[in-house]
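S.K.: Position one of the sequence shown corresponds to residue 0 (numbering that gives the first Met the number 0), numbered consecutively onward. C-beta atoms are modelled at their ideal positions from N, C-alpha and C, and glycine is treated no differently. Mind looking over this structure? Questions follow.
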Amino acid sequence: MNPNKPLGLTPSMGWNSWNTFTWDINEQLVRDVADLFISEGYKDAGYEYIVIDDCWSLKERDENGNLKADPIKFPSGMRALADYVHAKGLKFGMYSCVGTHTCAGYPGSFEHEFQDALLFAEWGVDFLKYDFCFKPRHISGELMYKRMSLALKNCGRDILFSACNWGEDNVYQWIRESGAHMYRSTGDIQDHWDSIKNLTLSQLDKECYTGSFCHNDMDMLVVGMYGGSNNDFIGSKIGGCSDNEYKTHFSLWSIMGSPLMIGCDIRNANQATKDILLNHDLIAINQDIEGRGAYRIKPEPQWFHSDDVFMLVKVLTNGDLAIGFFNLSDSQRELSLQFWDIGLPYASGISLSLYDCWEHKELGVYKERFSPVVPAHDCLVVRAKLVN
Ligand code: GLA
């Protein structure tokens, strides 16, 4: 283990093949993504894991019971692909499942956990996403995640364990103790505003459970997909979002401490997509070393606002606050934040100097309250510094 950056200290950042490509994956795609991580600045921004999701293997294990990479999709084999990714200073991730089969019907790791963990270590895998399909009914999911966690922690290689049970069985109550570094808390995201909104609202009261070494994973990002997926459920028949909605999505995932796993085809990312995914001010909030969850405040007057209009406040290591003003409703709203509500009484004489994390500019110094008007489906995220 690298003592300088222990696994899972901050939310993982990377790319995952599923949202856009599903079964249509191959080694060239992975290499292209690794190349782009370097040339387009993703690595410099903090993205490091390149993860192959479901559909990478053959439908049967080999004569020794080992998983086999599909030789048509991955003719050079997984070790060579991991070497390619590592040579760029990046990390390589793969996917398996608690059950007898993966969700797409490939072999799962049930009763092969220790064997598969060793194989992943041999291949140079640094990250394992572990799904929840085809779990035998007589066994608890909790036990299955404990088992694979143990296998990974003893396989001879640092492998970040990304549990993916979609929030079943009140996962937040037991997952940290199991040893997983991140845990999917929701069903699958779709490239649609309603999905982003619903996933967010479902996790607002779970922020007290997320934090260093075990992060609440609200699913891979749909930023930049614009409906482009070969999965009807995720995107192609669903339609995509506007750039402002993607910006709000990225802001929510950043401030709520979710891993930031890109799900679009970065080979064709437009400038708006890159500006969102590479927003260093938002990434700094997400990666803040103390890894605190955000707390929610209702804007004043409280009776006036519905639950989809709220502010999130994240306490940062250096004493600053990240404050997101989120308007997930369908009409423009004024979101009035009284500084009293974040622990700053007027009598203290202290003001807040606000910096806009999307426009990348100072907004000025405010005393007692700040009341931005936020368009529908939009947000304002500021970094607030206390000043006398
Ligand atoms: C589940 C997961 C998805 C993806 C697919 C693969 O639905 O939640 O993120 O991994 O399986 O089949």
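Where do the ends of the alpha helix (DSSP H) carrying Lys58 lie?
M.R.: Position 59 of the sequence shown, counting from 1, holds the residue named residue 58. Unbroken run through Lys58: none, as it is neither H nor E.
S.K.: Per DSSP, what kind of secondary structure is Cys213 in: helix, strand or coil?
M.R.: In the sequence shown, the residue the question calls residue 213 occupies position 214. Three-state DSSP puts Cys213 in a strand.
S.K.: Is the separation between the beta-carbon of Ile312 and that of Ile275 shorter than 8 angstroms?
M.R.: One-based indexing of the sequence shown puts residue 312 at position 313. One-based indexing of the sequence shown puts residue 275 at position 276. Here residue 312 turns out to be Val, not Ile, going by the sequence shown. Result no, Cβ atoms of Val312 and Ile275 do not sit closer than 8 angstroms.
S.K.: Going by CA-CA distance only, name the one from Leu35, Gly40, Glu110 and Trp22 that's closest to Gly64.
M.R.: Looking up residue 64 in the sequence shown gives position 65. Measuring from the Cα of Gly64, the nearest candidate turns out to be Glu110.
S.K.: Taking 7 angstroms as the cut-off, is the beta-carbon of Asp187 closer than that to any non-hydrogen atom of the ligand GLA?
M.R.: Taking the first residue of the sequence shown as 1, we reach residue 187 at position 188. Yes - the ligand GLA has a heavy atom lying nearer than 7 angstroms to the Cβ of Asp187.
S.K.: Give me the Cα-Cα distance between Leu8 and Ser211, rounded to the nearest whole angstrom.
M.R.: One-based indexing of the sequence shown puts residue 8 at position 9. One-based indexing of the sequence shown puts residue 211 at position 212. When rounded, the distance between both Cα atoms is 5 angstroms.
S.K.: Are the Cβ atoms of Ser177 and Glu141 separated by less than 8 angstroms?
M.R.: On the sequence shown, position 178 is the one that residue 177 refers to. On the sequence shown, position 142 is the one that residue 141 refers to. Yes; because the gap between Cβ atoms is below 8 angstroms, this pair is in contact.
S.K.: Cys154 and Ala120 - do their beta-carbons sit closer together than 8 angstroms?
M.R.: To locate residue 120, count along the sequence shown from 1; it is residue 121. To locate residue 154, count along the sequence shown from 1; it is residue 155. Yes; because the gap between Cβ atoms is below 8 angstroms, this pair is in contact.
S.K.: In the DSSP assignment, find the unbroken alpha helix (DSSP H) run with Leu147 in it and report its ends.
M.R.: Working through the sequence shown from its first residue, we reach residue 147 at position 148. Here the sequence assigns Met to residue 147, which means Leu is not the residue at that position. Counting along the chain, the alpha helix (DSSP H) containing Met147 begins and ends at Gly140 to Lys152.
S.K.: May I have a chain-ordered list of the beta strand (DSSP E) segments no shorter than 3 residues that lie completely inside the stretch 57-134?
M.R.: 90-96 and 126-130
S.K.: Taking all protein chains shown into account, decide if Lys246 is buried (16 or more other Cβ within 10 angstroms of its Cβ) or exposed.
M.R.: Reading the sequence shown from its first residue, position 247 is the one you call residue 246. Buried is the call here.
S.K.: Ignore the nearest five residues each way along the sequence and tell me which others in Tyr365's own chain have a CB closer than 7 angstroms to its CB.
M.R.: Position 366 of the sequence shown holds residue 365. Excluding residues within five positions, the ones whose Cβ falls inside 7 angstroms are Ser350, Leu351 and Leu353.
S.K.: Excluding five sequence neighbours on each side, which residues of the same chain lie with their C-beta closer than 7 angstroms to the C-beta of Ala44?
M.R.: In the sequence shown, counting from the first residue as 1, residue 44 sits at position 45. The residues are Leu277, His279 and Ile282.
S.K.: Report back the beta-carbon spacing between Asn267 and Asp23 to the nearest angstrom; my notes put them in contact at under 8 angstroms.
M.R.: Numbered from 1 along the sequence shown, position 268 holds the residue referred to as residue 267. Numbered from 1 along the sequence shown, position 24 holds the residue referred to as residue 23. The Cβ separation is near 15 angstroms, so there is no contact.
S.K.: When the Cα atoms are used, what is the spatial distance from Glu206 to Glu47?
M.R.: Locating residue 206 in the sequence shown gives position 207, where the first residue counts as 1. Locating residue 47 in the sequence shown gives position 48, where the first residue counts as 1. About 25 angstroms.
S.K.: At 3 residues or longer, and completely inside the stretch 257-345: list those beta strand (DSSP E) runs for me, N to C.
M.R.: 259-261, 294-296, 308-314 and 320-326
S.K.: I want to check one thing, is the minimum distance from the CB of Tyr94 to the heavy atoms of the ligand GLA below 7 angstroms?
M.R.: As a working note, residue 94 is residue 95 in the sequence shown. Tyr94 Cβ: within cutoff of the ligand GLA.
S.K.: Using a 10 Å radius around the Cβ and a threshold of 16 neighbouring Cβ atoms, would you call Arg183 buried or exposed?
M.R.: Against the sequence shown, residue 183 aligns to sequence position 184. Burial is judged here by how many other beta carbons sit within 10 angstroms of a residue's own beta carbon; Arg183 has at least 16 and is buried.
S.K.: Can you check which of these residues, Thr185, Ile261 and Trp14, is closest to Ile166 by C-alpha distance?
M.R.: Counting from one through the sequence shown, the residue named residue 166 turns up at place 167. Note on identity: in this sequence residue 166 is Gly, with Ile being the wrong assignment. Ranking the options by Cα distance to Gly166, first place goes to Thr185.
S.K.: State the CB to CB distance for the pair Ser257 and Met217, rounded to an integer number of angstroms; the pair is presumed to be in contact (CB under 8 angstroms).
M.R.: Along the sequence shown, read from residue 1 onward, the residue named residue 257 stands at position 258. Along the sequence shown, read from residue 1 onward, the residue named residue 217 stands at position 218. Ser257 to Met217, Cβ: 4 angstroms. Contact.
S.K.: Which stretch, first to last residue, makes up the alpha helix (DSSP H) that contains Leu35?
M.R.: Locating residue 35 in the sequence shown gives position 36, counting from the first residue. Where Leu35 is concerned, the enclosing alpha helix (DSSP H) stretches over Glu26 to Ser38.
S.K.: For Glu299 and Ser335, which I take to be in contact (beta-carbon distance under 8 angstroms), what is that distance rounded to the nearest angstrom?
M.R.: Counted from its first residue, the sequence shown places residue 299 at position 300. Counted from its first residue, the sequence shown places residue 335 at position 336. Contact flag correct, Cβ pair sits at about 4 angstroms.
S.K.: Let me check you understand the geometry: is the CB of Cys263 closer than 7 angstroms to at least one non-hydrogen atom of the ligand GLA?
M.R.: Residue 263 sits at position 264 when you count from the first residue of the sequence shown. With a cut-off of 7 angstroms, the C-beta of Cys263 is classified as distant from the ligand GLA, since no heavy atom of the ligand falls inside that distance.
S.K.: Is Cys207 helix, strand or coil when you go by DSSP?
M.R.: Working through the sequence shown from its first residue, we reach residue 207 at position 208. Here DSSP, grouped into helix, strand and coil, assigns Cys207 to helix.
S.K.: Can you name, in chain order, every residue of its own chain whose Cβ lies under 7 angstroms from the Cβ of Asn387, other than the five neighbours on each side?
M.R.: For the purposes of this step, residue 387 is taken as residue 388 along the sequence shown, with counting starting at 1. Once the five neighbours on either side are set aside, the close Cβ partners of Asn387 are Gly348 and Ile349.
S.K.: Answer with buried or exposed for Tyr129, where buried requires no fewer than 16 other C-beta atoms within 10 angstroms of its C-beta.
M.R.: Here residue 129 corresponds to residue number 130 of the sequence shown, with the count starting at 1. It counts as buried.
S.K.: Once you ignore the five residues that flank Asp57 on each side, which residues in its own chain have a CB closer than 7 angstroms to its CB?
M.R.: Locating residue 57 in the sequence shown gives position 58, counting from the first residue. Checking the sequence shown, residue 57 turns out to be Leu, not Asp. For Leu57, where only same-chain residues beyond five positions count, the Cβ hits under 7 angstroms are Lys67 and Asp69.
S.K.: According to DSSP, Ala162 sits in a beta bridge with which residue or residues?
M.R.: Position 163 of the sequence shown, counted from the first residue, corresponds to residue 162. Paired residues: Tyr129 and Tyr182.
S.K.: Excluding the 5 residues preceding and the 5 following Asp264 in the sequence, name in chain order all residues of the same chain whose CB lies nearer than 7 angstroms to its CB.
M.R.: Taking the sequence shown and counting its residues from 1, the one referred to as residue 264 is at position 265. Closer than 7 angstroms at Cβ, skipping near neighbours: Thr19 and Gly227.
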